[in-house]
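Per full-length UniProt numbering, the sequence shown starts with residue 1, numbered consecutively.
Here a beta-carbon is modelled for each residue, glycine too, at the ideal position from N, C-alpha and C.
Note that the structure is a prediction, hence the values are computed from the model and not measured.
Below is one structure; the comments refer to it alone.
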Amino acid sequence: MATLPDGLVAFGPGANCTLELCPLEWSILRYQPSIPASGTFIAFFALALIIHAVQGIRWKTWGFTASIICGCVLEIIGYVGRLIIHDNPFDFQGFLIQIKASDATTTAPPAEADTRALFKLAVKDNIATQNLPTTCSSAILSSHRSPYEATIVRQLRERGAHVVGKTNMDEFGMGSHSLNSIHGPVLNPLSPVATSAGGSSGGSAVAVQTGDADVALGTDTGGSIRLPAAYCGVVGYKPSYGMLSRFGVVPYANSLDTVGLLAKEVGVIEDLVFGTGLGGEHDARDPTSLSQSFRKKQQARVSDRRSRLRVGIPLEYNIEELDPKIKAAWSDAADQLQESGIDVVPVSLPSTKHALSAYYVIAPAEASSNLAKYDGVRYGTRGDESDGAGEVLYSKTRGLGLGDEVRRRILLGSYSLSSEAMDNYFVQAQRVRRLVQRDFDRVFRLANPLYDEQQFDLSDMGDEVELQDKLGPSQVDFLLCPTAPTFAPRIDEIERQTPVQVYMNDVFTVPASLAGLPAISIPTRIGAPDAEADASRRVAGLQLIGQYWDDRRLLGVAKDLSRWLSA
């Protein structure tokens, strides 16, 4: 299957080129006439061909007639060819959008214009864009066209964004490597061999890495922005839950889904979120969007802090599976922070080891409910049922329209919510989630504004926690850890892994998602530039995690750390 090297959705056979190098009809949003329009033009040019052929024979104007006939034949071949070889849901509206984006980003703005406001935006395919398909990379939504635009897309358009395309992803956001897609896998542009770009926002990360987009929108449920950012060597930011509007985003797990941004530099994201006021806007259409009064109150509270920064190193993240080179880069980053005058201390998060298990109970449970509407009646492309029985229609539609990983998680979630398993799995997972939140609240110096301030002591920890790890008194402003335990894996390695082994990629990103905390992955270079031919083995992601609604300070520290690491 043909795939674009820049990670964007590949359409048509042999579509192996990028946005800049391809003709418009082969690029990310290329033009495909509708069947009625194509038929009309084919008939018109066929009629013109016949008329000119007859007139040419009658008047013996061979040269002129031949040129007209050749032109008509070429037009007919073009329209017939498009109908035969193109399978592109992005039609003429997308073509016009791309031309507009191209004109806006290549034409010099007036002298008085703010050039920072003009940027190319790639949008993950589970975020609604008006008059363009929003397929979630799923066969069941292959014909879905959004009648409205997501709030976050509208907000970014108002700030100068020009949408250059929708990006490939794991189906409905379920995956860690962007392989579960009807459009084919997303490949890492840093590697000469087939290598994972991370998931589920793999296409967004690759669009930024290759320069096809200045900023990309993604969604992060358990690490779907941060993991691709780490694998592709870009910056991936997951804001505090409820900061950016989720209206217009196809839900996977409502209590976890967060809209975030990817870019090559932390400063670009910081300018968008706080420089333009994006992070301060409340959306009444999103029930999870925090109120305007809450935002102002919390921003004033965070801005009052003037004490010396302290960063914590979570001991539980030093796992056996952690690659030694990434561990060394983690240690070097901690040294950089210390040299810059920031205190670095070890902290303990004992519930972290249970976070991944809890996540893969909670997220599939919520997904099984959210995806129930894709049955071919309410939403989704309907399967070819042999009779009118509802069960046959539903099972055939969902069986053909949903991929293996999506079906697996729906089954897992449905079982977790069943009467026989609810107490033993779902309820227990929610309790673990609260323990994870308490661990973070215990180590952060800043109190969590969503909960009443609590007093913690060492008795809160289980007996299995070793005494030297009970570092309750050490409170920090941020946590520093790797984003992923390994480098981007090869595609053939992933295909040999079990689903549980694949889920391990999220082990460092899931805890912050369960707690709803802001987190950002910044790239760090490993080794000399020519030490490894495969560039995907020379880049890793380091993750900074902050207390809830401490996003502004988090981005500021991340920008400084990124500058020190790249020096």
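- Within 10 angstroms of the beta-carbon of D212 lie 16 or more other beta-carbons, which makes it buried.
- Here the C-alpha atom of I140 lies approximately 5 Å from the C-alpha atom of T381.
- Within the model, the alpha-carbon separation for Q292 versus G277 is close to 12 Å.
- A direct Cα-Cα distance of roughly 21 Å separates S204 from Y148.
- Shown here, S521 sits in a strand according to DSSP, grouped into three states.
- Short of 6 Å from the beta carbon of A358, and not among the five residues preceding or following it, lie these beta carbons of its own chain, in chain order: A429, V432, R433.
- Here the region 340-349 makes no contact with the region 487-504; the two share fewer than three CB pairs at distances below 8 Å.
- Rounded to whole angstroms, Q298 and N318 show a C-alpha spacing of 33 Å.
- Boundaries cannot be given for P192, as no beta strand (DSSP E) includes it and DSSP labels it neither H nor E.
- Taking 8 Å as the cut-off, the beta carbon of E320 is found no closer than this to the beta carbon of K559.
- Out of R308, S419, I225, the CA that lies nearest to the CA of S178 is found in I225.
- For the region 335-406, the full-length alpha helix (DSSP H) segments reaching 4 residues or more read 352-370, 390-401 along the chain.
- For P314, the enclosing beta strand (DSSP E) stretches over residues 310-314.
- Counting only residues of its own chain and dropping the five nearest sequence neighbours on each side, S351 has a CB closer than 6 Å to the CB of L435, V436, D439.
- Within the same chain, F247 come within 6 Å of R285 by CB-CB distance, once the 5 residues on both sides are set aside.
- Distances from the CA of M174 to each of V153, G199, T167, P192 were compared; the closest alpha carbon is that of G199.
- The secondary-structure analysis by DSSP pairs Y237 across a beta bridge with L261, I520.
- Under the three-state reduction of DSSP, F508 is assigned to coil, being neither helix nor strand.
- Counting along the chain, G527 sits inside no alpha helix (DSSP H), nor does DSSP assign it H or E at all.
- Rounded to the nearest angstrom, the gap between the Cα atoms of E316 and A484 is 14 Å.
- For the pair F119 and D214, the CB atoms are nearer than the 8 Å cut-off.
- Check the Cα spacing between P314 and each of Q501, G218, P482, T134: the tightest is with P482.
- Counting only the Cα atoms, M422 lies some 45 Å from R159.
- When the five nearest sequence neighbours on each side are left out, the beta carbons in the same chain lying within less than 6 Å of the beta carbon of S143 are those of T381, in order along the chain.
- As the crow flies, the alpha-carbon of R154 is around 17 Å from that of R145.
- Per the C-alpha coordinates, the member of T486, A48, R407 positioned closest to S369 is R407.
- Counted as a single uninterrupted DSSP element, the stretch harbouring G211 is not any alpha helix (DSSP H), since DSSP gives it neither H nor E.
- Judged by DSSP secondary structure, P482 falls within the beta strand (DSSP E) whose first and last residues are 478-482.
- Taking every protein chain shown into account, the CB of E420 has fewer than 16 other CB atoms within 10 angstroms, so this residue is exposed.
- Around E405, the same chain offers D170, E171, M174, G175, N180, P499 as residues with beta carbons nearer than 8 Å, after the five sequence neighbours per side are excluded.
- Residue H354 holds the alpha-carbon nearest to the alpha-carbon of M504 among I182, A53, H354.
- For L121, the enclosing beta strand (DSSP E) begins and ends at 119-124.
- Between G222 and L261, the gap from beta carbon to beta carbon reaches 8 Å or more.
- For the 8 Å CB-CB criterion, A535 and F487 do not form a contact.
- In this structure, the CA atom of Y231 is about 26 Å from the CA atom of S245.
- Its chain contains H177, N188, Y231, A488, P489, I491, I494 as the residues whose beta carbon lies nearer than 7 Å to that of S196, once the 5 sequence neighbours on both sides are disregarded; these appear in chain order.
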